[in-house]
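Please read the structure below before turning to the comments.
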Amino acid sequence: DAFSALLQRHRGIVFKVANTYARLAEDRDDLAQEIATQLWRAWPRYDPARSFSTWMYRVALNVAISHVRVQAVRQRHD
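Numbered according to this note's numbering, the sequence shown spans residues 11 to 88.
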């Protein structure tokens, strides 16, 4: 499967973004899983004429930013 091979080859991007945007180890794991899920969902819209790593980074960054926003709202409500 092309997606799996590309994800495996560029998995460092997922972990780098997760480590940057999540403090706790379990939050990093959850964020990395959510990034992988969103990459899979977005895969049909990926344009092979473009760089996979750049596309992957952009999706990962968007997911991470959303994660930070949700965490901030939760902290305000606690």
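In this text, a Cβ means the ideal position worked out from N, Cα and C, and glycines have one as well. As the structure is a computational prediction, the values presented were derived from the model and not from experiment.
Expected contact under 8 Å - CB spacing of Ala89 and Ala12 to nearest Å: Residue 89 falls outside the range modelled here, since the chain spans only 11 to 88, and no answer is possible.
- request: Determine the burial state of Ala32: buried for a count of at least 16 other Cβ atoms within 10 Å of its Cβ, exposed for fewer.
  value: buried
query: Short check: CB of Ala70 to CB of Ile23, under 8 Å?
result: yes
- prompt: Is it the case that the Cβ atoms of His77 and Glu36 are separated by a distance below 8 Å?
  reply: no
query: Count the other CB atoms within 10 Å of the CB of Ala82; is the residue buried (16 or more) or exposed (fewer)?
result: Per the 10 Å Cβ criterion, exposed.
field: Contact belief for Leu17 with Ala46 at Cβ below 8 Å, rounded distance in angstroms
entry: Yes, they are in contact, since the Cβ atoms of Leu17 and Ala46 sit about 7 Å apart, within 8 Å.
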